[in-house]
Structures are given as C-alpha cells and as structure tokens.
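A short write-up of the structure that comes next.
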Amino acid sequence: MVRAAIGFFVLAILAYIFGANGIAGVSMEIGRTLIAIFVILAVLTFVMSLITGRSKRL
Numbered sequence: 282m283v284r285a286a287i288g289f290f291v292l293a294i295l296a297y298i299f300g301a302n303g304i305a306g307v308s309m310e311i312g313r314t315l316i317a318i319f320v321i322l323a324v325l326t327f328v329m330s331l332i333t334g335r336s337k338r339l
C-alpha cells in the first residue's frame, strides 16, 4: 500500500512538471488517501497486538 502511495506521489510530481495539474491533483489525493488508510491500519494493528498480548512471529 505504501508502494502504491509513493507511486501516486511520483506520478503527481511528474504530471505537475509536465503541466497536467488536474491529473497531479487527483494523483496527490489518491496517494494521501492511501497513506491515511495505511496509518490507520498500522495503528489499529499495533493497538490490537497490545490488547491481546499476542505477537505474530514468523
């Protein structure tokens, strides 16, 4: 998910450089949304592991 967000941020920068401001704005919003979802899921996973006391060992 983070890799996709970084890809959208790079696409937004390239689109802005080439003058496609509409595509740059949409790409930036998608990247921002993906980062927000990632952070929320990471925090929820951390809190659940603290509550349950389990650790997922590979």
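Heads up: the sequence shown begins at 282 in the working numbering, then just goes up one per residue.
Using N, Cα and C, we set each Cβ at its ideal position, and we do this for glycine too.
Given the structure is predicted, the values throughout are model-derived calculations rather than measurements.
- The three-state reading of DSSP puts residue 334 in coil, since its state is none of H, G, I, E or B.
- Counting only residues of its own chain and dropping the five nearest sequence neighbours on each side, residue 319 has a CB closer than 8 Å to the CB of 282, 283 and 286.
- Taking the Cβ atoms as the reference, residue 289 lies roughly 5 Å from residue 308, within the contact range of under 8 Å.
- By the Cβ neighbour-count rule, residue 323 is exposed, with fewer than 16 other Cβ atoms within 10 Å of its own.
- Exposed is the label assigned to residue 295, since fewer than 16 other Cβ atoms lie within 10 Å of its Cβ.
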